[in-house]
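Residue numbers (the working numbering): 3 to 107. Each residue gets a CB set at the ideal place from its N, CA and C atoms; glycine is no exception. All figures in this text were calculated on a predicted structure; none of them were measured in a lab.
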Amino acid sequence: FPGSGKPLIVNLVTPDGPAHKAGVKVGDVLLKWNNNRIPSDKAGFHALMTSHKIGDTISLDVKRGDSVKGLKVRLDVMGGQGSRPQHTARGGTPRAGITPRATPK
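Take a look at the structure:
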């Protein structure tokens, strides 16, 4: 995977978005996506997300404190940052409603 090898951290969770509904919280460390290691850069994370279809449910493992949580996130079409999910039959880019940032050095 591209990037520095350091995990991404959730910087923003869109209110009422797919990740929010699944229980993802700001500060969670992104570990695995469908049992695969998550790329350590935002571009790689975006590429991973867009490899799926709207409506797909993915498993997301996050580290929160000292524990690892396994969550199920149903991808949806999202509007602008901070907006509610938009349901559309025309397609679009699948989103989880997560904005990651790199782990501090």
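Which of helix, strand or coil DSSP assigns to residue i
{"i": "Lys27", "result": "coil"}
{"i": "Lys8", "result": "coil"}
{"i": "Leu77", "result": "coil"}
{"i": "Lys55", "result": "coil"}
{"i": "Ala104", "result": "strand"}
Rounded separation between residue i and residue j - CA only
{"i": "His22", "j": "Arg97", "result": "12 Å"}
{"i": "Ala104", "j": "Ala49", "result": "16 Å"}
{"i": "Asp78", "j": "Ser61", "result": "14 Å"}
C-beta neighbour in chain B for residue i, strict 8 Å
{"i": "Ile60", "result": "Included in the structure is just one protein chain, with no chain B present."}
Test item: CB-CB of residue i and residue j under 8 Å
{"i": "Ser53", "j": "Pro9", "result": "no"}
{"i": "Ile56", "j": "Phe47", "result": "no"}
{"i": "Asp58", "j": "Gly72", "result": "no"}
{"i": "Leu14", "j": "Val28", "result": "yes"}
{"i": "Lys44", "j": "Pro102", "result": "yes"}
{"i": "Lys74", "j": "Ala24", "result": "yes"}
{"i": "Arg76", "j": "Pro20", "result": "yes"}
Cutoff 6 Å; reference residue i; Cβ partners in own chain excluding five residues on either side
{"i": "Asn37", "result": "none"}
Cut-off 7 Å between Cβ atoms - residues of its own chain near residue i, not counting five sequence neighbours on either side
{"i": "Gly99", "result": "Val15, Thr16, Gly19, Pro20, Ala21, His22, Met80"}
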